[in-house]
Amino acid sequence: MIDDTNAALFENMGRQDGQVHLIYMGDLSEQKIAGHTTSPNTVDWDNNVLPDLLLGVEDGHQYYLKNQR
Numbered sequence: 000m001i002d003d004t005n006a007a008l009f010e011n012m013g014r015q016d017g018q019v020h021l022i023y024m025g026d027l028s029e030q031k032i033a034g035h036t037t038s039p040n041t042v043d044w045d046n047n048v049l050p051d052l053l054l055g056v057e058d059g060h061q062y063y064l065k066n067q068r
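Position 32 (the sequence shown) corresponds to 31 in numbering that gives the first Met the number 0; numbering is contiguous.
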């Protein structure tokens, strides 16, 4: 995961010729948090074994995004 308008997910496809190959899997939410530097973390606060997303942002706010699967 990286910070973006919200947070985006990249899948690690491995190494080839000394380079790491990542595939962009898309944004993790449509919620816009533009103007903030985000720090994405996974959590499972609802104990359903699915990772949810917790975004900490530079102004001290936190955003919780429940996994919709």
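All C-beta atoms, glycine included, are put in the ideal place defined by N, C-alpha and C. Just so you know, these numbers come straight off a predicted model, no measurement behind them.
- Contact between Gly55 and Ser38 holds, since their C-beta atoms are separated by about 4 Å, short of 8 Å.
- Rounded to the nearest angstrom, the Cβ distance from Lys65 to Asp51 is 5 Å, consistent with a contact under 8 Å.
- For Asn11, the uninterrupted beta strand (DSSP E) run begins and ends at Ala6 to Gln15, by DSSP.
- Looking from the CA of Leu49, the closest CA among Arg68, Tyr63 and Thr36 belongs to Arg68.
- Looking only at Tyr63, Asp45, Asn5 and Glu57, the smallest Cα-Cα distance to Leu27 is reached by Asn5.
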